[in-house]
Every structure is written in structure tokens, then in C-alpha cells.
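Okay, structure first, notes after.
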Amino acid sequence: MDFALNDEHRMVQQMVRDFAQKEVAPTIKEYDRAHDMAPFVLPRMGELGILGINIPVRYGGQGMDYISLGLACEELEAVDSTLRVVMSVHMGLNSMGLLQWGTEEQKQRFLVPQARGDRVACYGLTEPGAGSDVAGMNSTARRDGDEYVINGEKMWISLATKAHHCMWIARTNPDVDPHEGLSAFQVELDRPGVTRGDIKGKMGVRAGSTGWIAMQDVRIPVENRIGKEGEGFRIAMSCLDNGRYTVAAGATGLIRASLEASVRYANERQAFGRVIGKLQLIQAKIADMVESYDAARLLYLRAGWMKNQGLRNTRETSIAKWFATDGSFEAASEAVQVHGAYGYSDEYDVERYLRNSKGAVIYEGTNEIHRLIQAGYALGYRKDTPLRKELPAYDPEFWQE
Amino acid sequence: MNIVVCIKQVPDSAATVVAEGGQASWGDAPLVMNPWDEYAVETALLQYEAYGGDVTVISVGAEGATEAIKSALAMGCTQAYLVSDPELAAADSRVIAHVLAAAIKKVGDVDLALFGKQAIDSDMGVTAPQTARILGWPVLSLVSVVQELNPDDGTIKVERSIEEGRQVVESKLPAVVTVSKDIADPRYPSFMGIRKAARADIPVWTLADLEVDVPDPLVRWPEVVNPPVREITNEIISGASPDEIAESLADKIIGEKVL
């Protein structure tokens, strides 16, 4: 068993860290306060290849492996969750879905510009009245000759107002079990009938775009359907296996950021005649963060390794997401506590970490859902059945050819 | 255009460096490319993109200390050599300069040898001029702009940033150039560059390979000590009015010779 990162991984980690720390960290507080996404973030991430990091070169990407994606997400969220959210929706939920389920023609048409960063992608699953209950969605897609006509509304969509493409899950057959009646579509968001907007007043990820997208009689060609008709639920769930992986890796970065901020402050702040790091109750908080970081990192790297090997990782990704996001919320909360009153103001980063950490406990499967998933596997109520198309294993030759 | 960039592997600038047992220690912090050398690499790559040729990285270090070299390759340098020899364990800058000069000669037909203006660990900034002297080449230090580079005529015209202002200097090639951070922002490694660098086999040259007899070091660092801990005391100045407090504070500042 080899726990070491290779040179490629270390350099990817350093490169993404340098970008996030040098270019985003200096101004992130301003954009967070203004509830605004820094305009340079998406173009710069595209220019540097981060938006296509683990997509094969033949599809416009950079040809790195799935572990590199995780390491990049850890570094991005160590600066701000909004950066990792970009990767979750653009890469994990959409581009990797296309890599897994798309036809060659769809990969050329959608994946290539996305991996190059020329087009940004998002993912439309959650609705105003359907979150965890995916099968209860109201969005519909009606077949009309060589087209589908889409109606419905999606809510809490990251990059809703920034994206060019959206993978949209809608009901195509109301007469069958909902799990068999959904289909997936890649929709260009400049089509007539699409309206969208940002949601204001969020607790966290304020320097990112989160919004809603509505479709009224939006017509798309049949060629935009991803997978077969009725395969939408399985496609949506497999996309979540990839999105959750990025969330887990990112949350691990947030634990690290909380830990590093706490260690720095605990070694500077004086109380009772010594630095507070010498106080055992502060040490306990630091130790908990260390424990949480190490375990979260191992869990997401295991999931990344399984993706590289082409092994089904629904359970392992779920537990990585659950553990890391709970851990990041606790670490950020304790980091605020270590900072005392200063932690309660935005003079320090830790209050932003706390606000940002809460979202990930809710999205991409609430952590209550992940508990149920894990219990289901343990009790034998839940088993993974093979998919018609699995996420391809990382093959350096194919990826870099 | 045949360019050599000399880089040094140093402790990460984020590392806490302390004196332990009379020597500098940075714990298990990673070693990285000297940040000033990143500007030299960027300068080399810009000239390479303009005129073609080769950009060769040379670093002197322990066997296996290739992290910094691989970073330079990932940024786009075309080849690299590590000079490693047990005899160099206690080398001073003059010894390193002899080694670098020999390595530059071994690369052969070099037009330009680039250095960062100094290294962040020793902070002396003398290796480049010492190397130039051994090579017998002109040295253009603290360069902030390469105004003209003419490979056909074998000339270079640069702007130097010095305390008094800017100075334009022309020189014949080959030359040794040290660059300041005004010259250009270093690029990040590309993912393609990272893949290439990760797989690169870095040739190692020993002193025997370079056919160089290095002199004994003249400078030693017999002891490194931490700066003395400053005693800090706090005093709350009180008074009946803001004016009185300000006056009292001003007296204190003047009394302590802060101003």
C-alpha cells in the first residue's frame, strides 16, 4: 500500500495552491462582503486548465487523474469554498457526467469547450419543492418529433447565472415509477424560454453564484439527451458520485484552513501570561482538527484512487463527503472559538469558513441522507448494481494521447 | 538562443527557520525553488519564446534534490542537470561559482546565464558575479527589463533597477544576468509541463563529470543564532482628557527615543 503522492500530484497541488493563494486570497473578503463573484475567477481557472484538469487531452482537458482533481479541490477550498463549488458543478456534476455517459458526438460538442474553459457548465437537479426527494421533481421534458420541450424550475443551482450549459434532469414519463421516468439533457442556456437569476441573502458561499433557472417551453434537439430515455435517475446519481468527491476534497481543505488559522492564532494570542496554544482546552480543539483533517484526507484520497482504478465508489465517496463536511463545520466552528471575539468578526477568515462550511452539510445529499446510505449498505438494504456506463478508469495513455 | 538558468533549492518561505545546535533548521518544511530564481526562469522562457533555442536549468544540491528543478521544467524549461557531489557539502559561494561555471561550459555554446538576484536562505547575492568572473563574462545585475536581445549580433541591452533610479546598460554576449522581481511575474507550471517534469530523468553531474578542481571554501558559517528575544511590556496611559493622554504619550515616545 502506497500512501505517497507522486511528483505529478505534488506539483498539481502546489500550482493550484499558488493560484488560489496569490490571486484569489488577497481580495476574497471584498467579494464575499459584496455578495459578488470575482469576475476574473472563471476565465483564469479556464486559462490555467483547472476547469479541465482531469478530462482527457483528446476532449480538451489536461489529462490528469482523479486524485489530481481532489488535490486541486482541497487547495481551492482552503482559500474559499466558492472556488471549489465551481469544480463541483462544472467538473464533478457536469463534465464528468458527459465523460461517463455522453456519446462521442456529445463529448465533442459539449465536453471539449467545457474542458477548455470556453464554456462553463452547471447541473440542474434540485427544485423548489424537491431536494433530497429527487424522484418527486416536477420538471418535465415532452418529446415532440426530433425535439424535447422542457418546462420546470431548478433551485439552488451553483453558477446558475454564469454557466453556458446545464445538465437538466426532467420527467419524461409520468406513468412509470419515478426512478424509471426521468431523463437527463444537456441544455444550452441561451435558448429561448430560459430565464435565470441569483439568490441573495445566503449564509455562505457569498463570493459565488447560486441561483435559479426556469425553463418555459424550451426546445432542444433529441441529440442533447444524455443517455437513454428513462435513465435520468441513474445518471443523476452517478454524477453525484463525482460531485460529492469534489465536495469531500474541498471540505478537507476547509478543515486544513481552519486548523492553520487556529494554530497561527494560538501561537500569537496571549492570555494568562502565555500563548493560548499552551492551554489544554485550546490544544484539544487543535487536536480534533488534526484528527479530522487526516481522516477526511484519507477518505477522499481512497475514493479518488478507486475512481482511478475504475472501481465503483458510491459508498466510499458518500462517507468521504459526510465525514469531511461534518468535520469542516466543526473545525470552522472551533476555529472561531479559538479566535474568541475576533473570530466573530470578518477581520479574520474563520467566520467566513464557518458560514461557508454549512452549505456542504446540506447540498449534494444532506448528511442525514449519507447516514441512511451508509446504514443501507451495512444492513444489506442497499447494493450497487452495475451501470450501463461506468466512469472510465484513469488510463494515462488514453487520457494524454 | 542558448540560455542557462542557475537555480537554488531553498526552504519554503512559509517555513519557520530557527537556529538549532548552531545551524539553521526548517524542520520538515519542503524545499522549493528560490523565489528570486523563479523570475530568472520566467525571463529565460520569455527569451526562449521569442528566439527559440534551449533553456537549461542547472542546480547544485544533494542527490535526489530535484523538486526545484522539476518545477522549472514544469514551467517550460527544456532540459536540466543536477550537480551533486559529496565534496560540495561545505561549499561556499565561491566554490559553487566554480561548479556552475564548469557546468555552464559543459552545456556549451551558452549565450546567457540567468540568476535570481539572491537566494532567500543565505541572502548574499554574490554567486552570480563570482560565476561571471570565473567565466570571464560581463555581469549585468539587478536587471528589471530586457530591452533588446540580439542573438545575431551577440548583444544585450537591459535596464537595471538601482537605488538611485534606472540605468540602461549594453553588453556583449555571452553574459551573466541577475534579475529583480520587476522583470515579469513568473508563470505557473502548466499541467502538460507538470506531466513532462514528473517523468523527466534529471542527469546528475559529479565534479569528475565536470572535470573541475574546486578550491577549498574560504567562508564558513561556524554558528547560526536566533535573534535575541525582545522584551515587550505594555503600559496603559491614562489621563483626565484626551489632550492630557496625548501629551503624556508624546512625552513617552520622545523619552524612549522612538522619534
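Residue numbers (the working numbering), protein chains in the order written: chain A, 1 to 401; chain B, 1001 to 1259. Note that CB positions come from ideal geometry on N, CA and C, so glycine has one too.
Endpoints, the alpha helix (DSSP H) within which residue i is located
i: D326 of chain A; result: 314-339
i: I1156 of chain B; result: Unbroken run through I1156 of chain B is the beta strand (DSSP E), 1155-1162; no alpha helix (DSSP H).
i: I286 of chain A; result: 280-309
i: S1248 of chain B; result: 1242-1255
i: D374 of chain A; result: One point to set straight first is that residue 374 of chain A is Gln, not Asp, in the sequence displayed. Residues 367-379.
i: L1140 of chain B; result: Per DSSP, L1140 of chain B belongs to no alpha helix (DSSP H); it is in the beta strand (DSSP E), 1139-1150.
i: D1209 of chain B; result: 1207-1210
i: R1230 of chain B; result: That residue, R1230 of chain B, is in no alpha helix (DSSP H); it is neither H nor E in DSSP.
i: A121 of chain A; result: Premise fails: A121 of chain A lies in the beta strand (DSSP E), 121-124, not in any alpha helix (DSSP H).
i: R244 of chain A; result: 232-266
i: F1115 of chain B; result: No alpha helix (DSSP H) contains F1115 of chain B, which is instead part of the beta strand (DSSP E) from 1112-1116.
i: A1197 of chain B; result: 1191-1199
Cutoff 8 Å: residue i Cβ touching any chain B Cβ
i: V79 of chain A; result: no
i: E397 of chain A; result: no
i: L48 of chain A; result: yes
i: Q404 of chain A; result: Because chain A is modelled from 1 through 401, residue 404 of chain A falls outside the range shown and cannot be assessed.
i: I12 of chain A; result: As written in the sequence, residue 12 of chain A is Val, which differs from the Ile given in the question. Taking Cβ atoms only, chain B reaches closer than 8 Å to V12 of chain A, which makes this a yes.
i: E74 of chain A; result: no
i: N445 of chain A; result: Because residue 445 of chain A is not part of the residues shown, which for chain A are 1 to 401, the question remains open.
i: I53 of chain A; result: yes
i: M37 of chain A; result: no
i: D190 of chain A; result: no
i: M91 of chain A; result: no
i: Q100 of chain A; result: no
i: D18 of chain A; result: yes
i: M289 of chain A; result: no
i: Q216 of chain A; result: no
i: Q400 of chain A; result: yes
i: M45 of chain A; result: no
i: M96 of chain A; result: no
i: M87 of chain A; result: no
i: M15 of chain A; result: yes
Contact with chain A by residue i, beta-carbon distance below 8 Å
i: Y1039 of chain B; result: no
i: R1194 of chain B; result: According to the sequence provided, residue 1194 of chain B is Ile. The question's Arg does not apply to it. True, the Cβ-Cβ gap to chain A drops below 8 Å.
i: F1115 of chain B; result: no
i: A1072 of chain B; result: no
i: P1011 of chain B; result: no
i: A1197 of chain B; result: yes
i: P1189 of chain B; result: yes
Top-ranked residue by Cα proximity to residue i, from the options
i: G1165 of chain B; options: B:V1143, B:P1151, B:Q1118; result: B:V1143
i: G1154 of chain B; options: B:T1206, B:K1172, B:E1063; result: B:K1172
i: P1035 of chain B; options: B:E1049, B:V1018, B:Q1009; result: B:Q1009
i: D1037 of chain B; options: B:P1228, B:S1025, B:I1069, B:Q1047; result: B:I1069
i: A1200 of chain B; options: B:T1066, B:V1055, B:R1160, B:N1002; result: B:T1066
i: V205 of chain A; options: A:T314, A:N6, A:Y300, A:I157; result: A:I157
i: T195 of chain A; options: A:A324, A:P178, A:M215, A:S209; result: A:M215
i: A266 of chain A; options: A:A249, A:P396, A:G253, A:A284; result: A:A284
i: D1012 of chain B; options: B:A1029, B:R1195, B:Y1051; result: B:A1029
i: C122 of chain A; options: A:I169, A:W305, A:R109; result: A:I169
i: Y300 of chain A; options: A:T314, A:M289, A:F272, A:E188; result: A:T314
i: I1232 of chain B; options: A:T252, A:G273, A:G340, A:T210; result: A:G273
i: T1078 of chain B; options: B:G1239, B:I1058, B:I1096, B:V1095; result: B:I1058
i: L1073 of chain B; options: B:E1063, B:A1050, B:A1044; result: B:A1044
Where the beta strand (DSSP E) through residue i begins and ends
i: M167 of chain A; result: 165-171
i: N1002 of chain B; result: 1002-1007
i: S158 of chain A; result: 147-158
i: L51 of chain A; result: That residue, L51 of chain A, is in no beta strand (DSSP E); it is neither H nor E in DSSP.
i: D1054 of chain B; result: 1054-1060
i: K1172 of chain B; result: 1165-1172
i: F398 of chain A; result: Where F398 of chain A is concerned, there is no enclosing beta strand (DSSP E), although the alpha helix (DSSP H) it sits in stretches over 396-400.
i: T1178 of chain B; result: 1175-1179
i: E1020 of chain B; result: 1018-1020
Assumed close pair residue i, residue j - CB separation to whole angstroms, cut-off 8 Å
i: K162 of chain A; j: M37 of chain A; result: 7 Å
i: R17 of chain A; j: E75 of chain A; result: 4 Å
i: F1191 of chain B; j: Q14 of chain A; result: Rounded, the Cβ-Cβ distance is 12 Å, inconsistent with contact.
i: I226 of chain A; j: Q186 of chain A; result: 6 Å
i: V462 of chain A; j: V79 of chain A; result: Absent from the model: residue 462 of chain A. The displayed extent of chain A is 1 to 401, so no value can be given.
i: L1112 of chain B; j: I1003 of chain B; result: 5 Å
i: G232 of chain A; j: L182 of chain A; result: 3 Å
i: S238 of chain A; j: Q100 of chain A; result: 6 Å
Interface flag, residue i vs chain D, CB-CB below 8 Å
i: A320 of chain A; result: Of the chains in the structure shown, none is chain D; the protein chains are A and B.
Residue i Cβ short of 7 Å to the ligand NAP heavy atom set
i: E330 of chain A; result: What this structure holds is no ligand at all, so the ligand NAP is not there to describe.
Q | Contained beta strand (DSSP E) runs [length at least 3] in the stretch 181-227 of chain A, N- to C-terminal order | A | Runs of the beta strand (DSSP E) spanning 3 or more residues and lying entirely within the stretch 181-227 of chain A occur at 182-188, 194-198, 210-221, in chain order.
Q) Could you give the uninterrupted runs of the alpha helix (DSSP H) lying entirely in the stretch 1023-1093 of chain B, keeping only those of 4 residues or more? A) The stretch 1023-1093 of chain B contains these whole alpha helix (DSSP H) runs: 1035-1051, 1067-1075.
**Q.** Complete runs of the alpha helix (DSSP H) confined to the stretch 61-136 of chain A [at least 4 residues]
**A.** Complete alpha helix (DSSP H) runs here, min 4: 66-79, 81-86, 96-101, 112-116.
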